[in-house]
Amino acid sequence: MAETTAPIQRALISVSNKSGLVEFCRSLTEEFNVEIISTGGTLKALEEASISAVEISQFTNFPEMMDGRVKTLHPKVHGGILARREQDQGIMKENNILAIDLVVVNLYPFKETISKPDVSLEEAIENIDIGGPSMVRSAAKNNKYVGVVVEPEDYPLILKEMKSNRGSLSQEMRSSLATKAFNHTANYDTVISGYLSSLTEQDFPNRMFF
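Printed below as a string of structure tokens:
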């Protein structure tokens, strides 16, 4: 895979774990002039810290709906993440899709939710993240162009790399982050599957054969 080291210009940030968020985003905006797109509680935290960010519904020109169940599942989001920079410029321009270079997402705390005593099925279900894993997987797939961050502990590493690489991430870094991202979503789905299996007292196989 050819090395692609364009500077990060636009980041989509939507996190349940706010640890280190403000400091990270302040560095992105002030040191690297990165435009931030954000959602819900993440956007609120940034606004309270006087960090400029674009609300996701403003970016997509489509409102959040169904109590937040649908907010990032939109072609302008996934088109921006999945776009191949050399060959998709025409379709991006035609559909007013802007490239997203960095995706920072950690998922709804499903494991923590089901660990609570007397948690209801409804509460557990509402903590199954759909949009988050979709964005993470899109970014990881397109790691030739996009960086993906799933844990706050990686924020300092990202900033260090950007400082030494003129605002961009190396392909080696993006590939490493993508591997971590796929492991993250796989583990997340495993926890969900295990929980649902426990409700039906039915054991599902570790592997599916087709």
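Under this note's numbering, the first residue of the sequence shown is numbered 950, with each subsequent residue one higher.
Ideal placement from N, C-alpha and C gives every residue a C-beta, glycine not left out.
Measuring alpha carbon to alpha carbon, tell me which residue in the options is nearest residue i.
i: histidine 1027; options: Leu1047, Lys1129, Ser976; result: Leu1047
i: phenylalanine 981; options: Ile1005, Asn1132, Ile1107, Lys1129; result: Ile1107
i: threonine 978; options: Gly969, Phe1131, Tyr1094, Ala1002; result: Ala1002
i: serine 987; options: Arg959, Val1140, Ala1088; result: Arg959
i: asparagine 1091; options: Ser1124, His1023, Val971; result: Ser1124
i: serine 968; options: Leu1148, Asn1055, Ser1006, Asp1037; result: Asn1055
i: valine 964; options: Thr1009, Phe1008, Val1098; result: Val1098
i: aspartate 1037; options: Arg1086, Tyr1094, Glu996; result: Tyr1094
i: serine 1006; options: Asn1136, Ile1000, Lys1025; result: Lys1025
i: arginine 975; options: Lys993, Ile957, Ala998; result: Ala998
i: isoleucine 1079; options: Thr1009, Ile962, Tyr1137; result: Tyr1137
i: valine 983; options: Met1111, Phe1131, Leu1126; result: Met1111
i: threonine 1009; options: Asn966, Asn1045, Leu1148, Ala1130; result: Asn1045
i: glutamate 1004; options: Leu961, Asn1076, Glu1121; result: Leu961
i: asparagine 1076; options: Lys1109, Glu1061, Asp1067, Arg1086; result: Glu1061
i: alanine 1130; options: Arg1086, Lys1109, Arg1033; result: Arg1086
Can you tell me which residues form a DSSP beta bridge with residue i?
i: isoleucine 986; result: Leu961, Val1003
i: leucine 1051; result: Ala960, Gly1096
On the premise that residue j lies in contact with residue i, defined as a C-beta separation below 8 angstroms, what is that separation, rounded to the nearest angstrom?
i: isoleucine 1030; j: methionine 1084; result: 6 angstroms
i: glycine 989; j: aspartate 1050; result: With 8 angstroms as the limit, glycine 989 and aspartate 1050 do not qualify as a contact, their Cβ atoms being about 22 angstroms apart.
i: valine 971; j: alanine 994; result: 7 angstroms
i: alanine 1088; j: valine 1052; result: 4 angstroms
i: proline 1082; j: threonine 1128; result: The pair is not a contact, with the Cβ atoms about 15 angstroms apart (cut-off 8 angstroms).
i: serine 1113; j: isoleucine 957; result: Contact flag wrong, Cβ pair sits at about 13 angstroms.
So, does the CB of residue i fall closer than 9 angstroms to a CB anywhere in chain D?
i: valine 1099; result: In summary, chain D is missing from the structure at hand, where a single protein chain is found.
Completely contained beta strand (DSSP E) runs for the stretch 1072–1129, where each covers 3 or more residues = Positions of the beta strand (DSSP E) runs, each at least 3 residues long and wholly inside the stretch 1072–1129, are given as 1096–1098 in order along the chain.
Using 8 angstroms as the threshold, is the stretch 1069–1079 in touch with the stretch 1089–1103, meaning 3 or more CB pairs across them?
-> Pairwise C-beta distances place the stretch 1069–1079 out of contact with the stretch 1089–1103, as fewer than three of them are shorter than 8 angstroms.
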